[in-house]
Amino acid sequence: MRCLGFDFENLVEYKEGSLIKLVYFSNHSTCTFDTDGVGSTKEMQISNGDVNCHFLHGSLQFVKFETVKIDDCIKFLSSKQINFNGGKCQEAHDRNKNVIIKATGGGAFKFANLFKEKLGITLDKVDEMDCLVAGANFLLKAVQHEAFTHMSSKKEYVQIDQNDLYPYLLVNIGSGVSMIKVDRNHKFERVSGTSVGGGTFWGLGKLLTQCKSFDELLELSHEGNNRVVDMLVGDIYGTDYSRIGLASTAIASSFGKAISENKELNDYRPEDISRSLLRMISNNVAQIAYLNALRFGLKRIFFGGFFIRGHAYTMDTISEGVHFWSKGEAKALFFRHEGFLGALGALMNHGSKDIADLLSLRFTQELPTSVGGTEDSLHSSTLFSVNEN
1 MRCLGFDFEN LVEYKEGSLI KLVYFSNHST CTFDTDGVGS TKEMQISNGD
51 VNCHFLHGSL QFVKFETVKI DDCIKFLSSK QINFNGGKCQ EAHDRNKNVI
101 IKATGGGAFK FANLFKEKLG ITLDKVDEMD CLVAGANFLL KAVQHEAFTH
151 MSSKKEYVQI DQNDLYPYLL VNIGSGVSMI KVDRNHKFER VSGTSVGGGT
201 FWGLGKLLTQ CKSFDELLEL SHEGNNRVVD MLVGDIYGTD YSRIGLASTA
251 IASSFGKAIS ENKELNDYRP EDISRSLLRM ISNNVAQIAY LNALRFGLKR
301 IFFGGFFIRG HAYTMDTISE GVHFWSKGEA KALFFRHEGF LGALGALMNH
351 GSKDIADLLS LRFTQELPTS VGGTEDSLHS STLFSVNEN
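Here the sequence shown stands for residues 1 to 389, where the numbers follow our numbering.
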């Protein structure tokens, strides 16, 4: 294990469903100790003044653990040799010395003592928004088949032109929602947001359905029918409202039927409540995102954050919302590794701020493995190179 970044989901309580995400880079060469700073062929050197690391082919490993199973995370890290510290290669006898690991999210404070005690690791908290943007920029530049659209259950990968990437809108849907206008590397601005996000979905869902976890709530939505709970345009007018462009199936009021029917909470299925709640949150985020893209003249809107979790119906609903409000002129884009933006950005904080550029390889091929948590990897297809942009 050469370089490591952590992301702890920002949740008030770390219960079942919250995750610890980590990303580390593993290369297939060894450290060489020389002082002339000269590499051979096309090797990339990262020098700290007395040691040069010659990096060749390698892979990015993405791993996640449920926070309630943090002991599994500790065991996993113990089984790996953490021998890279902020760009500096270490000899074998130094590997047990304190290692500083960049981390983002609330758990960087909550679990700091545990990681120090069990592994001798110091968690160094880095800015969450910096990490989100750095992670997104890296993925969009360096990873093939990273961005995709998801509409009507159909997933299509989108080729990103690196010369035409900026500016774009990054919508991070966590407990709340942040809308970030990204102009270039290290230049971004939070331009909007909303408190109605993933925390709202989980909080209301827990109260209304008695679900014990975020993922359980998502699973319920698979079997739900929001039309049982939501008031539709057709419920009001008996047909569509074509004059203003509203189909009869359009939602006029989320949860609107609950006030017009003589029913109590127990009369509604948890599945239908979950589905309605998911649509309400997703539609709201999609509308605000598009309006901000329109406000700044942005062509691309990328969505990430723990609320999505690769859930097909969530992505479909967000995509439908953007399509509706933009009259088909804009599309919602998603990240293949959306849950790892923060962890990847934390990794990029090791050493120079320009490490994202130094690591601008082209990564290909995702290979799932089993390591107690959930892990996949991206393998570099070229030598390290410096991004001249």
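Backbone N, C-alpha and C fix where the C-beta goes; we use that ideal spot for every residue, glycine too.
{"Query": "Which of helix, strand or coil does DSSP assign to D7?", "Result": "strand"}
{"Query": "Taking only three categories from DSSP, how would you classify H350?", "Result": "coil"}
{"Query": "Less than 9 angstroms separating the beta-carbons of S213 and L277?", "Result": "no"}
{"Query": "Kindly provide the ranges of any alpha helix (DSSP H) runs that are 4 or more residues long and lie completely inside the region 203-282, ordered along the chain.", "Result": "214-222, 233-237"}
{"Query": "Going straight from the alpha carbon of F148 to that of I173, what length do you get?", "Result": "17 angstroms"}
{"Query": "Between the Cα of H311 and those of N292, H337, E329, spot the shortest distance and give me the residue it belongs to.", "Result": "H337"}
{"Query": "When the Cα of L119 is compared with those of L204, K263, I70, K181, which residue comes out closest?", "Result": "I70"}
{"Query": "Count the CB pairs spanning the region 275-292 and the region 107-116 that are closer than 8 angstroms, and state whether there are at least three.", "Result": "no"}
{"Query": "Out of L140, G256, V68, which one is the CA nearest neighbour of G345?", "Result": "L140"}
{"Query": "Strictly by DSSP, which residues pair up with M179?", "Result": "V171, S192"}
{"Query": "With a threshold of 16 other CB atoms inside 10 Å of the CB of Q61, please say whether the residue is buried or exposed.", "Result": "buried"}
{"Query": "Check whether the Cβ of I244 sits closer than 8 angstroms to any heavy atom of the ligand MG, and report yes or no.", "Result": "The ligand MG is absent from the structure shown, which contains no ligand whatsoever."}
{"Query": "Determine, using beta-carbon pairs with one atom in the region 299-314 and one in the region 325-341, whether at least three such pairs fall under 8 angstroms.", "Result": "yes"}
{"Query": "What did DSSP end up calling G345 once you bin it into helix, strand or coil?", "Result": "helix"}
{"Query": "Taking 9 angstroms as the threshold (C-beta atoms), are F65 and L19 in contact?", "Result": "yes"}
{"Query": "How would you label A142, buried or exposed, when you count the other beta carbons within 10 angstroms and need 16 or more for buried?", "Result": "buried"}
{"Query": "With 16 other CB atoms within 10 Å as the buried threshold, where does N349 fall?", "Result": "buried"}
{"Query": "Can you tell which of L207, D235, L294, Y268 has the C-alpha that lies nearest to the C-alpha of A252?", "Result": "D235"}
{"Query": "What is the DSSP secondary structure of I437, reduced to helix, strand or coil?", "Result": "Beyond the ends of the chain as shown, which are 1 and 389, falls residue 437; an answer cannot be given."}
{"Query": "May I have the straight-line CA-CA distance separating G328 from V322, to the nearest angstrom?", "Result": "8 angstroms"}
{"Query": "Are the CB atoms of V233 and S248 within a distance shorter than 9 angstroms?", "Result": "yes"}
{"Query": "Check for me: the beta strand (DSSP E) holding K125 runs from which residue to which?", "Result": "121-125"}
{"Query": "Find the nearest neighbour of R275 within the set S319, D72, Y313, R295, judged by alpha-carbon distance.", "Result": "Y313"}
{"Query": "Starting from E320, follow the alpha helix (DSSP H) in both directions and report where the run begins and ends.", "Result": "312-325"}
{"Query": "Tell me Y438's beta-bridge partners as DSSP assigns them.", "Result": "Because residue 438 is not part of the residues shown, which for the chain are 1 to 389, the question remains open."}
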